[in-house]
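First to last, the sequence lines map onto chains A and B. Take the position in the first sequence, starting the count at 1, then add 3; the result is the number in my numbering. Take the position in the second sequence, starting the count at 1, then add 3; the result is the number in my numbering. The beta-carbon is built from N, C-alpha and C at its ideal position, and this holds for glycine as well. Report on the structure given below.
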Amino acid sequence: MIGFQYSHASTVADAVRLMSNNPGAKFVAGGTNLVDLMKVDVERPTRLIDVSKLPLDRIEEAAGGGVRIGALVRNADIAYHPLIERRYPMLSSALLSGASQQLRNMASAGGNLLQRTRCAYFYDITMPCNKRNAGSGCSAIDGLNRMNAILGTSDACIAVHPSDMCVALAVLEAKVHVTSPRGDRVIAFADFHRLPGNTPQRETDLNPDELVTAIELPPRGFATNHTYLKIRDRLSYAFALVSVAVGLELDGGSITEARFALGGVAHKPWRNAQAEAALRGQAASEATFARAADLVVSDARGFGHNTFKIDLARRAMIRALSQAARGTPQSQSNKKIA
Amino acid sequence: MTENQDASSPSRHPTRRDVVAGGTMLPIAMSMSSGAVAQSVSGNDAPSTVSVNLTVNGTRHALALDPRTTLLDLLREQLDLTGTKKGCDQGQCGACTVLIDGRRVVSCLTLAVMKEGASITTIEGLARDGVLHPLQQAFIDHDAFQCGYCTSGQICSAAGLIAEGKAKTADEIRELMSGNICRCGAYPNIVAAIQQAMGQS
Numbered sequence: 004m005i006g007f008q009y010s011h012a013s014t015v016a017d018a019v020r021l022m023s024n025n026p027g028a029k030f031v032a033g034g035t036n037l038v039d040l041m042k043v044d045v046e047r048p049t050r051l052i053d054v055s056k057l058p059l060d061r062i063e064e065a066a067g068g069g070v071r072i073g074a075l076v077r078n079a080d081i082a083y084h085p086l087i088e089r090r091y092p093m094l095s096s097a098l099l100s101g102a103s104q105q106l107r108n109m110a111s112a113g114g115n116l117l118q119r120t121r122c123a124y125f126y127d128i129t130m131p132c133n134k135r136n137a138g139s140g141c142s143a144i145d146g147l148n149r150m151n152a153i154l155g156t157s158d159a160c161i162a163v164h165p166s167d168m169c170v171a172l173a174v175l176e177a178k179v180h181v182t183s184p185r186g187d188r189v190i191a192f193a194d195f196h197r198l199p200g201n202t203p204q205r206e207t208d209l210n211p212d213e214l215v216t217a218i219e220l221p222p223r224g225f226a227t228n229h230t231y232l233k234i235r236d237r238l239s240y241a242f243a244l245v246s247v248a249v250g251l252e253l254d255g256g257s258i259t260e261a262r263f264a265l266g267g268v269a270h271k272p273w274r275n276a277q278a279e280a281a282l283r284g285q286a287a288s289e290a291t292f293a294r295a296a297d298l299v300v301s302d303a304r305g306f307g308h309n310t311f312k313i314d315l316a317r318r319a320m321i322r323a324l325s326q327a328a329r330g331t332p333q334s335q336s337n338k339k340i341a
Numbered sequence: 004m005t006e007n008q009d010a011s012s013p014s015r016h017p018t019r020r021d022v023v024a025g026g027t028m029l030p031i032a033m034s035m036s037s038g039a040v041a042q043s044v045s046g047n048d049a050p051s052t053v054s055v056n057l058t059v060n061g062t063r064h065a066l067a068l069d070p071r072t073t074l075l076d077l078l079r080e081q082l083d084l085t086g087t088k089k090g091c092d093q094g095q096c097g098a099c100t101v102l103i104d105g106r107r108v109v110s111c112l113t114l115a116v117m118k119e120g121a122s123i124t125t126i127e128g129l130a131r132d133g134v135l136h137p138l139q140q141a142f143i144d145h146d147a148f149q150c151g152y153c154t155s156g157q158i159c160s161a162a163g164l165i166a167e168g169k170a171k172t173a174d175e176i177r178e179l180m181s182g183n184i185c186r187c188g189a190y191p192n193i194v195a196a197i198q199q200a201m202g203q204s
């Protein structure tokens with residue numbers, strides 16, 4: 004880890020002012036990803052601006068019927084908050100499927116959004132990686148790519164976004180509140196993360212001097228028909244090979260509203276508007292779910308080691324849509340897949 | 004280590020050998036001089052030190068730290084509390100689990116300077132007046148370890164788990180203890196020990 008200066012921010016204005024005055028600085032809150040990356044010299048900030056004690060640590064009802072999660076609320080505290088458990092159980096479930104309780108006790112909501120990929124080549128500073136060193140090439144495309152992306156890839160990068168929380172936030176169509184010396188703005192969740200394209204080093208719509216202050220959940224929570232199904236190499240404390248968050252609304256046996264997103268398959272939580280449209284107005288049957296899943300994977304491309312993910316994703320989508328339609332969401336402690 | 008080297012190193016800390024030979028953990032509260040912490044890790048210019056006050060197992064420490072110092076390295080290398088173990092040092096194994104203000108965290112990814120005013124409990128701080136913590140006794144009763152390297156982290160993590168109150172069943176204990184890896188595979192006995200400590204067995 005290279006040496007860095009340390010500043011403690013006491014107000015939000017103080018934090019963004021410090022950032023404006025210190026190019027090369029990074030905000031730090033939980034530190035679970037940033038400190039790890041600093042140890043292997045992937046991240047080399049000249050200064051850390053500690054925002055962990057800013058008053059952004061509350062979950063409260065928002066005007067308009069939604070819920071506002073402060074950017075510094077710890078992942079565990081989101082998952083177990085009564086408002087989230089009751090109204091957005093898919094989000095609780097996704098959070099509890101990720102990392103370990105120790106890490107969930109540390110990691111902040113804002114930091115979860117800004118997690119970097121766990122692509123092995125991104126972590127290995129001796130190897131080319133366009134995300135870490137723009138223009139150096141992608142080692143994963145012809146390398147060990149079992150964990151890598153099958154959707155939305157580019158010739159520059161096939162890394163995946165590692166978050167579980169963000170997959171649920173994509174389905175919930177959350178809004179990300181950010182601030183900077185230029186003022187506040189709100190970013191729709193679908194626009195927050197980017198596909199790699201030719202600039203995989205730019206992962207989000209955030210500008211370098213912007214600080215995430217809150218995540219706003221709209222009122223629609225899919226509390227009755229939802230699931231978060233995560234398929235991984237071991238039953239707990241592992242990143243997703245494929246995960247699926249689903250929110251359905253049903254009228255009798257017919258689907259009136261359908262949203263689903265995939266994790267572990269792309270550079271951002273993956274939604275497909277055409278596939279969701281194919282569910283609306285249809286009977287909640289396995290045949291309907293299979294048609295939607297086929298639409299999603301019709302765009303998929305494997306790179307050798309990860310080609311199995313295409314069929315795995317298809318089956319996981321059908322299973323997850325069935326779980327949500329039945330109202331039997333995947334348990335995150337009893338791992339038998341219903 | 005020779006007598007001469009001892010004499011030439013006025014800030015020498017007890018080594019692991021001293022601790023084992025002495026059969027006890029030496030309680031040391033020291034105020035770090037800047038000279039003791041300005042050792043450059045990577046050859047870069049050493050950053051200025053940052054003052055931080057921490058309470059560790061009930062003892063207050065006023066420290067001046069290189070901001071790179073993880074809580075894990077602070078505990079082991081400067082406060083001589085070597086019960087907390089360094090396994091992977093990258094947040095993947097749980098061996099370094101401690102309690103900060105009662106919540107379990109991994110100390111390897113915690114920068115000590117970010118914990119101003121915090122109260123930290125390590126494995127050395129769980130016993131009271133010479134009586135083992137119920138989890139420590141349960142781990143002995145159930146033979147819940149083999150090599151023992153993960154055990155401090157397992158016990159601190161289990162203390163956090165019990166305080167959280169979210170785990171009732173064996174499945175839930177296994178899931179919420181998944182951040183603590185045991186390469187000897189003592190998991191069934193670890194779950195049994197935690198159940199005993201929870202008053203379930």
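So is the beta-carbon of residue i under 7 Å away from any non-hydrogen atom of the ligand SAH?
i: R63 (chain B); result: Although the ligand SAH was asked about, the structure shown includes no ligands whatsoever.
Quick check: is the beta carbon of residue i nearer than 8 Å to any beta carbon in chain A?
i: P191 (chain B); result: no
i: S122 (chain B); result: no
i: E80 (chain B); result: no
i: K169 (chain B); result: yes
i: G97 (chain B); result: yes
i: D144 (chain B); result: no
i: A41 (chain B); result: Because A41 (chain B) sits at a pLDDT of 33, beneath the cut-off of 50, its placement in the model cannot be relied upon, and the following sentence gives the value as read from the coordinates. Not one chain A Cβ lies under 8 Å of A41 (chain B).
i: E127 (chain B); result: no
i: T87 (chain B); result: no
i: T100 (chain B); result: yes
i: L138 (chain B); result: no
i: R131 (chain B); result: no
i: A200 (chain B); result: no
i: R186 (chain B); result: no
Starting from the C-beta of residue i, find all residues in its chain whose C-beta is less than 6 Å away, skip the five residues before and the five after it, and write them out in chain order.
i: E63 (chain A); result: R71
i: L74 (chain B); result: S110, T113, A115
i: R79 (chain B); result: T85
i: N201 (chain A); result: A159
Looking only at its own chain, which residues have a Cβ that is under 8 Å from the Cβ of residue i, when we skip the five neighbours before and after it?
i: N60 (chain B); result: L84, I123, T124, T125, E127, G128
i: G163 (chain B); result: T100, L102, G105, R106, R107
i: A286 (chain A); result: G256, S257, I258
i: G69 (chain A); result: E219, L220, P221, P222
i: Q326 (chain A); result: T230, L232, V249, P332, Q333, A341
Whose C-beta lies closer than 7 Å to the C-beta of residue i among residues of the same chain, with five residues either side of it excluded?
i: A189 (chain B); result: A147, F148, Q149
i: A12 (chain A); result: A18, L21, I52, D53, V54, L57
i: Y126 (chain A); result: V43, V45
i: T27 (chain B); result: Confidence at T27 (chain B) is low in this model, with a pLDDT of 38, below 50, so its placement is unreliable and no value can be given for it.
i: N108 (chain A); result: R77, A79
i: D92 (chain B); result: C111
Count the other C-beta atoms from every protein chain shown that fall within 10 angstroms of the C-beta of residue i, then say buried if there are 16 or more, exposed otherwise.
i: K171 (chain B); result: exposed
i: D111 (chain B); result: Before going further, note that residue 111 (chain B) is Cys rather than Asp in the sequence given. So C111 (chain B) ends up on the buried side.
i: Q139 (chain B); result: buried
i: C153 (chain B); result: buried
i: S160 (chain B); result: buried
i: S301 (chain A); result: exposed
i: A396 (chain A); result: Outside the shown range of chain A, which is 4 to 341, sits residue 396 (chain A), and nothing can be said about it.
i: K339 (chain A); result: exposed
i: A217 (chain A); result: buried
i: T52 (chain B); result: buried
i: R188 (chain A); result: exposed
i: S54 (chain B); result: exposed
If we cut at 8 Å on Cβ distances, does residue i have a partner in chain B?
i: M320 (chain A); result: no
i: G34 (chain A); result: yes
i: D127 (chain A); result: no
i: Y124 (chain A); result: no
i: G358 (chain A); result: Outside the modelled stretch of chain A, which goes from 4 to 341, sits residue 358 (chain A), for which no answer is possible.
i: F7 (chain A); result: yes
i: N337 (chain A); result: yes
i: S13 (chain A); result: no
Of all the alpha helix (DSSP H) runs that stay within the bounds of the segment 111-148 of chain A, which reach a length of 4 or more residues?
-> The segment 111-148 of chain A contains these whole alpha helix (DSSP H) runs: 112-116, 123-126.
For the segment 100-116 of chain A, which residues have a CB atom closer than 8 Å to at least one CB atom of chain B, in sequence order?
-> Within the segment 100-116 of chain A, those residues whose Cβ lies closer than 8 Å to any Cβ of chain B are, in chain order, A102, S103, Q104, Q105, L106, N108, M109.
In chain order, what residues of the segment 50-63 of chain A put their CB closer than 9 Å to some CB of chain B?
-> Those residues of the segment 50-63 of chain A that come within reach of chain B (Cβ to Cβ, closer than 9 Å) are L51, D53, S55, K56.
Along the chain, which unbroken stretches of the alpha helix (DSSP H) at least 4 residues long are found entirely within the segment 133-157 of chain B?
-> With a minimum length of 4 residues, the continuous alpha helix (DSSP H) runs that stay inside the segment 133-157 of chain B are 137-144.
What residue ranges within the segment 10-47 of chain A form continuous alpha helix (DSSP H) runs of no fewer than 4 residues, ordered along the chain?
-> Considered as a whole, the segment 10-47 of chain A harbours 15-24, 37-42 as its complete alpha helix (DSSP H) runs of no fewer than 4 residues, in chain order.
With 7 Å as the limit, tell me which residues of the segment 52-75 of chain B have their beta carbon closer than that to any beta carbon of chain A; keep them in chain order.
-> Cβ proximity to chain A below 7 Å picks out V53, P70, R71 from the segment 52-75 of chain B.
Return the chain-ordered ranges of every beta strand (DSSP E) run that is complete within the segment 241-289 of chain A and spans a minimum of 3 residues.
-> Unbroken beta strand (DSSP E) stretches of 3 residues or longer found wholly inside the segment 241-289 of chain A: 243-254, 257-266, given in chain order.
Against chain B: residues of the segment 81-96 of chain A by CB proximity under 8 Å | Listed by position along the chain: Y83.
According to a CB-to-CB cut-off of less than 8 Å, which residues of the segment 17-32 of chain A neighbour chain B?
-> Those residues of the segment 17-32 of chain A placed with their C-beta closer than 8 Å to a C-beta in chain B are V31, ordered along the chain.
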